[in-house]
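Everything below concerns the one structure shown next.
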Ligand code: V47
Ligand code: SF4
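In my numbering, the protein residues as written are 14 to 385.
What follows is the structure, given as structure tokens:
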């Protein structure tokens, strides 16, 4: 369990002050967040983040059994970091699944102890809200206990606008059909100038936050991501987290914060070198320290690779995500460590145990399914 942070000999009065705040469970300011990124050593960040992680969760490390459905990679947008999408004009190079094909994917898990399906994909101009309403209803009719976590705010924004529905009307329609929660994708970096350079044409920060606020308002939970390691600086990362922290103060609807490392394979930002493992650990640690009102910080292991994912468990992360089969292509196409992100539950449990943590299988809402 969490020890005492006073063993840390702070290298500046500013850092001493931050350490004391953490011990007293006080919130750090955005300026202090930037200070940590710029001045704290990796060891100091690790100690602080781990202290908070153990105070919140002890050694527990969650994982869940889910699978992905990616309805299409055809997309009306052209995010520069995306290695996955194809424009509608080149749709013969991509894929478009029918409702029956997606139902077949769900049926392939009949009898298997899966608790969640994560549905996310490109923004296809012809797959509208009513198409997805029917899909969700059919999945629920087939397997009512399966939690449907689906659609980034980017997909939802487009669907709602196309159907001329308000965000509240659109979200309510999908929720009534059986959509249970929202994944955290599409957030990227909220700063308008950086967003303009990496994903100019999709929903802006205000829109992303408002869509999640709308979901929270009708009782749905959601996650939040941050794409780091491209054109942004430390202030942009902290600004991103600060906007999420403020919304969470109001709604308490976010479960998990997921920092996503930019991978540079085969996209329009391929000239940008990927950040180091040290930078990854710093980012996880500052996230855990700064996002005091987010219950969980999650690492997506296929993106980082198994060993780095294990390391994150000492830098604030208490949850490992990753499909247990190879159903997602978003990352493998961007150059993730794991080209075939397949890991049996036993292997995942062993990875967690190897670094002295306690694996706990959870459902989407962090109810314990089984402790190991
Ligand atoms: O928004 C796209 C990212 C996200 C690249 O909520 C890239 O449980 C790195 O949000 N390098 C979508 N990242 C995936 C996502 C997610 C993943 C796992 C769990 C959850 C959850 C959500 O993938 C996009 C974008 O930020 N992404 N391309 C790339 N080249
Ligand atoms: Fe489309 Fe998402 Fe790729 Fe952007 S990241 S181009 S919205 S699939």
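Where is the CB? At the ideal position from N, CA and C, for every residue including glycine.
- Under DSSP, the beta-bridge partners assigned to residue 237 are 270.
- Between the ligand V47 and residue 110, a heavy atom-to-CB distance of less than 7 angstroms is absent.
- Residue range 160 to 163 is occupied by the beta strand (DSSP E) that includes residue 162.
- Looking at the DSSP output, residue 129 bridges to 79, 160.
- Residue burial annotation: residue 143 is exposed, with fewer than 16 other C-beta atoms found within 10 angstroms of its C-beta.
- Put simply, the backbone Cα of residue 30 is about 20 angstroms away from that of residue 255.
- Following the DSSP letters along the chain, one finds residue 313 inside the beta strand (DSSP E) bounded by residues 309 to 313.
- Counting of Cβ neighbours within 10 angstroms places residue 83 among the buried residues, the total reaching 16 or more.
- Residue pairing by DSSP places residue 87 opposite 99 in a beta bridge.
- Using a cutoff of 7 angstroms, the CB of residue 274 does not count as near the ligand SF4, since none of the ligand's heavy atoms is closer than that.
- Not one heavy atom of the ligand V47 sits closer than 7 angstroms to the Cβ of residue 135.
- Proximity of the beta carbon of residue 167 to the ligand SF4 is indicated: a heavy atom of the ligand is located closer than 7 angstroms.
- Rounded to the nearest whole angstrom, the C-alpha separation of residue 190 and residue 98 is 27 angstroms.
- Cβ contact annotation for residue 370 (same chain, cutoff 6 angstroms, sequence separation greater than five): 72, 74, 326, in chain order.
- Annotation: the continuous alpha helix (DSSP H) that includes residue 167 extends over 166 to 175.
- With a cutoff of 7 angstroms, residue 215 counts as near the ligand SF4, since its C-beta is closer than that to a heavy atom of the ligand.
- Nearest in C-alpha terms to residue 262, of all of 226, 233, 51, 121, is 226.
- Shown here, residue 372 sits in a strand according to DSSP, grouped into three states.
- The alpha-carbon separation between residue 332 and residue 180 amounts to approximately 30 angstroms.
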